[in-house]
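Participant: Dropping the structure in here first, questions after.
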Amino acid sequence: MNPRQKDVLVAALAAVGLFVLWEIAVRLFKIPPFVLPSPSQAIQSLLPVWGVVMGHAWQTLWTTLAGFGLAVVTGVLLGAAVGTSRPLNLALYPILVGFNSVPKAALVPVLVIWFGIGTIPAILTAFLISFFPIVVNVATGLAAVPPELREVLKVLGSSRLEAFTRVSIPFSMPYFFASLKVAITLAFVGAVISEIAASQKGIGYMMTSASSQFNVPLVFGGLLVIAVMGILLYAVFALLERRLVGWAYRSQNA
Amino acid sequence: MPFIELRDVSLRYDNGYLAVEGVNLSIEEGEFVALVGPSGCGKSTLLRVISGLRPPSAGQATVRGQPVGSTPVNIGMAFQNPTLMPWRTVLQNILLPLEVSPKHKQRYRQNPKPYVEAARELMASVGLSGFENAHVWELSGGMQQRASLCRALIHQPEILMLDEPFSALDAFTREELWQAMQVLYLNRRPTVILVTHDLREAVYLSDTIYTMSSRPGRIAHVRRVEFPRPRALELTYQDDFAHIVRELRKQIGGMRSQITGLKGVGA
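Protein chains in written order, with the UniProt record's numbering: chain A, 1 to 254; chain B, 1 to 267.
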């Protein structure tokens, strides 16, 4: 077994172990399913309605990805502005920090007034909750470029654009990818919050309607579905990160 | 006409701090010059003035009679920190200047082959053969600094600026790199300006040594070094070599005691 496979095994065993503990605790203390269902009950509750669940999951997945996509575009542009221009940094940073401190759940009703119930508020909530870490990391990465590296290029007579593409962009890529992993999980949170509050589609909606029928196992089934989607997308970006900016993590691979 | 000339150059930072004052220097084409002096005497600042990164607050800096920055001059730079880019292989790092230098980028894009060949030769001359496709972090500090020197020279610069490039290395590696530097210098004969704290390094490598006083930096002492090249490392243990080092040390000791109020201990 190579070290990489060992790492995966450790992670998988820990997750399985958590579920086993949960299952044992529920059975041992005879916790009723409407308080805390065991994982097996949660999974069982999904099976009869699998097709419907997958439909909701798909809705949540694509609204999350749409919001995340918007967040990446906005985050990179704002991050580049804040990270390369001091006046823009001074002007925008306080506003961004202030905006990020606003609980996004509080914005959902406003978005519903503007755009109606459904997909658009979910996309926008996913976007609003996930763009900030991208802005901060892109700005930090660009600002952290060693001045000597810039001087080397400047003395060679390179244009600002050449210096930007050859030094600033590659240098800030590890920061960017680190923020994507945070942002994608936040985007899920945003989409589900909005679905819970105001939607007729998506895992969030499924969970609200299940809980209104006291179908607590299905609520937990929905949580599991979200968690699995979150892990899978996180893994996608972690893999992309390894492929594209592996140089920044050489100590682990070397 | 001297190749590089500074006339009454002063530089005051935005915060009012006077870094260098009234500096006069003239450097011939192909000359190897060292700037030594106590820390904070504005040596690196002078490099930045000559390379056009910082315009002087007063006085004039000219290269070939033209004010610095008015005409493009090919300059190579190496710093104490090798500043290689970890996302590029060693060879790609060395080729970087060719991608941006206005003098070379067109030709390099159309036909990179001769340039890659030149880079390989340069690498061979400093003992880096076989590491073309290595990653930066696979190289030791001394090897990274060799690669940094290759990068500073690949575009055939007329002026080579070295800002304490050997000071972070251990003593043995440092002496090896002095020799590598001498080989590179003798092959190409660029005009070299070396900033260093190491007086043996300055005497071993240079034709002329300018000792600077500090706060604000001024040229306090000029010393010619006439040893013929190539210079053997053995030279650094001979009396006439040690004599020059001692003379420089005394100069700097005198300046330090002015600052600290101590008698120049051991100088």
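Don't be surprised by glycine CBs; every beta carbon is placed ideally from N, CA and C. On a predicted model such as this, the values are computed, not experimentally measured, just so you know.
1) Which residues in chain B have a C-beta closer than 8 Å to the C-beta of A:PRO146? List them in chain order.
2) How about A:SER194: is its C-beta nearer than 8 Å to some C-beta of chain B?
3) Identify whether A:PHE176 lies in helix, strand or coil by the three-state DSSP scheme.
4) Flag this pair as touching only if the segment 129-137 of chain B and the segment 71-79 of chain B have three or more C-beta atom pairs under 8 Å; answer yes or no.
5) Which whole-angstrom value is the C-beta distance of A:SER130 and A:ALA183, which I expect to be below 8 Å?
6) Fully enclosed by the segment 71-139 of chain B, which alpha helix (DSSP H) runs are 4 residues long or longer?
7) Find the residues of chain A that neighbour B:LEU149, judging by a C-beta separation of less than 8 Å, and give them in chain order.
8) Does DSSP put A:PHE131 in a helix, in a strand, or in coil?
9) Which residues does DSSP pair with residue 321 of chain B in a beta bridge?
10) Go ahead and pull the three-state DSSP assignment for A:LEU156.
11) In the DSSP assignment, the beta strand (DSSP E) including B:ASP163 goes from what residue to what residue?
12) When the Cα atoms are used, what is the spatial distance from B:LYS250 to A:ALA143?
13) At a CB-CB cut-off below 7 Å, which residues of chain A make contact with B:SER213?
14) Would B:SER26 count as contacting chain A if we go by Cβ distances under 8 Å?
15) Under the assumption that B:ALA152 contacts B:LEU160 (Cβ atoms under 8 Å), give the Cβ distance between them as a whole number of angstroms.
16) Please name the residues in the segment 85-106 of chain A whose beta-carbon is closer than 9 Å to at least one beta-carbon of chain B, in chain order.
17) Between A:VAL53 and A:LEU46, how many whole angstroms is the CB-CB distance? I'm expecting something under 8 Å.
18) Among all the DSSP beta bridges, which residues are the ones paired with B:ARG224?
19) Give the C-beta separation of B:SER57 and B:ARG12 to the nearest angstrom, bearing in mind that I take them to be a contact with Cβ-Cβ under 8 Å.
20) May I ask you to report which of helix, strand or coil DSSP gives B:GLN182?
21) Does B:PRO67 come out as helix, strand or coil in the three-state DSSP assignment?
22) Any chance the segment 68-82 of chain A sits against the segment 203-213 of chain A, with 3 or more Cβ pairs inside 8 Å?
23) Are there 16 or more other CB atoms within 10 angstroms of the CB of A:GLY98, so buried, or fewer, so exposed?
24) Examine chain B for any beta-carbon lying closer than 8 Å to the beta-carbon of A:TRP114, and answer yes or no.
25) Just checking: is the beta-carbon of A:ALA14 within a distance shorter than 8 Å of some beta-carbon in chain B?
26) Would a C-beta distance cut-off of 8 Å place B:VAL203 and B:PHE241 closer than the cut-off?
27) Compile a chain-ordered list of the residues in the segment 112-142 of chain A whose CB is closer than 7 Å to at least one CB of chain B.
28) What does the alpha-carbon distance come out to for the pair B:PRO228 and B:GLY254?
29) With burial defined as no fewer than 16 other Cβ atoms inside 10 Å of the residue's Cβ, what is the status of A:SER172: buried or exposed?
30) Note down, in chain order, each residue of its chain lying with its Cβ closer than 7 Å to the Cβ of A:PHE164, except the 5 sequence neighbours on either side.
31) Let's see if you can read the secondary structure: which residues bound the alpha helix (DSSP H) around A:VAL72?
32) Does the segment 193-205 of chain A come into contact with the segment 17-35 of chain A, if we say contact requires no fewer than three beta-carbon pairs (one atom in each stretch) closer than 8 Å?
33) Consult DSSP for B:GLU21 and reduce its assignment to one of helix, strand or coil.
34) Quick one: Cα of B:SER129 to Cα of A:SER168, how far?
35) Given a threshold of 16 other Cβ atoms within 10 Å of its Cβ, counted over all protein chains shown, does B:LEU184 qualify as buried or as exposed?
36) Considering only residues of the same chain and omitting the five flanking positions on each side of A:LEU224, which have a CB-CB separation below 8 Å?
Facilitator: Here's the rundown:
1) Within chain B, the residues whose beta carbon sits less than 8 Å from that of A:PRO146 are ASN81 and THR83, listed in sequence order.
2) Answer no: the Cβ-Cβ gap between A:SER194 and chain B never drops below 8 Å.
3) A:PHE176 carries a helical assignment under DSSP once its states are collapsed to helix, strand and coil.
4) Flag = no, the segment 129-137 of chain B and the segment 71-79 of chain B do not touch.
5) Your pair A:SER130 and A:ALA183 checks out as a contact, with CB atoms roughly 4 Å apart and the cut at 8 Å.
6) As far as the segment 71-139 of chain B is concerned, its whole alpha helix (DSSP H) runs of at least 4 residues are 90-100, 105-110 and 113-125.
7) Within chain A, no residue has its CB atom less than 8 Å from the CB of B:LEU149, the nearest being about 13 Å off.
8) Residue state, collapsed to three classes: helix.
9) Past the boundaries of the shown model lies residue 321 of chain B; chain B is included only from 1 to 267, so the question cannot be answered.
10) Here A:LEU156 sits in coil by DSSP.
11) In the DSSP assignment, B:ASP163 falls within the beta strand (DSSP E) that extends over 159-163.
12) Distance from the CA atom of B:LYS250 to the CA atom of A:ALA143, rounded to whole angstroms, is 43 Å.
13) Chain A residues near B:SER213: none, gap ~26 Å exceeds 7 Å.
14) Interface flag for B:SER26 against chain A is unset, since no Cβ pair is found closer than 8 Å.
15) Contact between B:ALA152 and B:LEU160 is confirmed by a C-beta separation of about 6 Å, below the 8 Å threshold.
16) Going along the segment 85-106 of chain A in chain order, one finds no residue with a Cβ nearer than 9 Å to chain B.
17) The beta-carbon separation of A:VAL53 and A:LEU46, rounded to 5 Å, stays under the 8 Å limit for a contact.
18) B:ARG224 is bridged by DSSP to B:THR208.
19) Between the beta-carbon of B:SER57 and that of B:ARG12 there is about 4 Å, and that keeps the pair under the 8 Å contact cut.
20) Residue state, collapsed to three classes: helix.
21) Three-state result, B:PRO67: strand.
22) No, they do not touch.
23) Of the other Cβ atoms in all chains shown, fewer than 16 fall within 10 Å of the Cβ of A:GLY98; this residue is therefore exposed.
24) Taking Cβ atoms only, chain B never reaches closer than 8 Å to A:TRP114, which makes this a no.
25) The Cβ of A:ALA14 sits no closer than 8 Å to any Cβ of chain B.
26) The criterion of a C-beta distance shorter than 8 Å is satisfied by B:VAL203 and B:PHE241.
27) Interface annotation for the segment 112-142 of chain A against chain B: empty, criterion Cβ-Cβ distance under 7 Å.
28) Looking at the two C-alpha atoms, the distance is approximately 30 Å.
29) Residue burial is scored here from C-beta neighbours: A:SER172 has at least 16 other C-beta atoms within 10 angstroms and is therefore classed as buried.
30) None.
31) 50-84 is the extent of the alpha helix (DSSP H) around A:VAL72.
32) Segments in contact, no.
33) Correct three-state label for B:GLU21: strand.
34) Cα to Cα, the separation comes out at about 29 Å.
35) Buried is the label assigned to B:LEU184, since at least 16 other Cβ atoms lie within 10 Å of its Cβ.
36) Leaving aside the five residues that flank A:LEU224 on each side, the residues in its chain whose CB is nearer than 8 Å to its CB run, in chain order, PRO39, ALA42, ILE43 and LEU46.
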